[in-house]
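Numbering (the working numbering), first residue to last: 85 to 324. Note that the Cβ used here is the ideal one computed from N, Cα and C, for glycine as well. All remarks here apply to the structure that follows.
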Amino acid sequence: MVAHRRVDFRLRRRGQWLRADRVIAVSEAVQRVLVLGGVSPRDVIVIPDGIDPDEVRRAAATPLDIRRRLGLADGTPLAIQVAALVGHKDQRTLVRAARAARDLAPDLHWVVAGEGELRSSLEREIADLGVGDRVHLLGYMTEADALIREGDVFVLSSKEEGLGSVVLHALALGKPVVATRAGGLPEIVPSEWLVPVGDHEALARRVVEALGHQAPVPFPRQCTAAAMAQAVLACYRSLA
Numbered sequence: 085m086v087a088h089r090r091v092d093f094r095l096r097r098r099g100q101w102l103r104a105d106r107v108i109a110v111s112e113a114v115q116r117v118l119v120l121g122g123v124s125p126r127d128v129i130v131i132p133d134g135i136d137p138d139e140v141r142r143a144a145a146t147p148l149d150i151r152r153r154l155g156l157a158d159g160t161p162l163a164i165q166v167a168a169l170v171g172h173k174d175q176r177t178l179v180r181a182a183r184a185a186r187d188l189a190p191d192l193h194w195v196v197a198g199e200g201e202l203r204s205s206l207e208r209e210i211a212d213l214g215v216g217d218r219v220h221l222l223g224y225m226t227e228a229d230a231l232i233r234e235g236d237v238f239v240l241s242s243k244e245e246g247l248g249s250v251v252l253h254a255l256a257l258g259k260p261v262v263a264t265r266a267g268g269l270p271e272i273v274p275s276e277w278l279v280p281v282g283d284h285e286a287l288a289r290r291v292v293e294a295l296g297h298q299a300p301v302p303f304p305r306q307c308t309a310a311a312m313a314q315a316v317l318a319c320y321r322s323l324a
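This is the structure in C-alpha cells:
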C-alpha cells in the first residue's frame, strides 16, 4: 500500500501511515512531520508536486483585465494571492502587510482570490486597518492563472504549507514570489524572498522590493508533471 501526504500538519491518525509500505511526501518538510509522527524514514519518499508549465501558460493566456475590473489605472502594481481563506493560509498577516506597505508603495494593491470560513473576519480586519481601498477579496476564481499573470508579484503568507503548489504556477508564469518560511516553501522559493511566518512588516518590505525584480526565478525541474509521474511510477514499481 502506498499513501500520499500533501500537508505538513501534525499526524492525528497514525494508523494509515504506519500500515503503508511507502508514504509519498510532497516535500522534505512533510517527510520530517511523518518521521516525527512515527513513520520509519525508510518508508518515506519525497516526490514534489508537479505541474505542466505550458498548460499553466495556456490557461493564463486569456486576458482577465483585472485592473479595469477593480477600477484601477493601467500599470497599478498588484500583489496577488490565490489561496483558501482559512487559518493556516494566514491572510491576516497579508492584510497587516498591506497596511505596513502603504508608506513604502502608496499605489500598491493586494488582490486575494479564494473563499473560505474566515472571509467575514478578514473583511472586518481590512475595515479596522483602513485598507479597504487597497485589499481586494475576489472570492473563488476559475481564472486563477490569468490573475497571477496580470499581477506583478505573487505572495503566500501561510503558517503551514506542504509544498505550496500554487507557487509553481506563479513561477511557471515568470512571476517573483514572496513567501513565508513555512513547510515546503523554502524548497521552491529562493531564500532571499522568504520571510518569517507572521512577520507582516518583513512581508511588506519584500513585496515592495519584488516589484522591481525583473529576472524570473527558474522553474524547479523536479516539479514538472512528467518528473512527478516518473517518480511515482518508479515508487510503485519498487514494490512490485
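Can you round the beta-carbon distance between residue i and residue j to whole angstroms, since I take them to be within the 8 Å contact cut?
| i | j | result |
| --- | --- | --- |
| D133 | C307 | 6 Å |
| P161 | L295 | 5 Å |
| L247 | S111 | 4 Å |
| V292 | A185 | 6 Å |
| I135 | A309 | 6 Å |
| L231 | L148 | 6 Å |
| P260 | H297 | 5 Å |
| A168 | R233 | Their Cβ separation, rounded to whole angstroms, is 21 Å, which puts A168 and R233 out of contact at 8 Å. |
| P274 | V301 | 6 Å |
Do residue j and residue i have their beta-carbon atoms positioned less than 8 Å apart in this structure?
| i | j | result |
| --- | --- | --- |
| V196 | Q165 | yes |
| A163 | V250 | no |
| R106 | L287 | no |
| H253 | D229 | yes |
| V219 | A182 | yes |
| G223 | A113 | no |
| G122 | L154 | no |
| L118 | A109 | yes |
| R141 | L257 | yes |
Specify the secondary structure class of residue i as computed by DSSP and reduced to three states.
| i | result |
| --- | --- |
| I131 | coil |
| V316 | helix |
| L240 | strand |
| T308 | strand |
| G121 | coil |
| Q115 | helix |
| T226 | coil |
| I150 | helix |
| Q298 | coil |
| P274 | coil |
| D158 | coil |
| P137 | helix |
| D212 | helix |
| A256 | helix |
| V250 | helix |
Considering only DSSP beta bridges, list what residue i is partnered with.
| i | result |
| --- | --- |
| I164 | V195, F238 |
| T264 | V279 |
| H220 | V195 |
Comparing the C-beta of residue i with each C-beta of chain D, is any distance below 8 Å?
| i | result |
| --- | --- |
| K173 | No chain D appears in this structure, which consists of one protein chain only. |
Decide if the segment 124–131 is in contact with the segment 193–203; the criterion is three or more beta carbon pairs, one per stretch, under 8 Å apart.
no
With three or more beta-carbon pairs closer than 8 Å as the criterion, would you say the segment 257–269 touches the segment 229–249?
yes
At least 3 beta-carbon pairs within less than 8 Å: the segment 207–221 vs the segment 265–285
no
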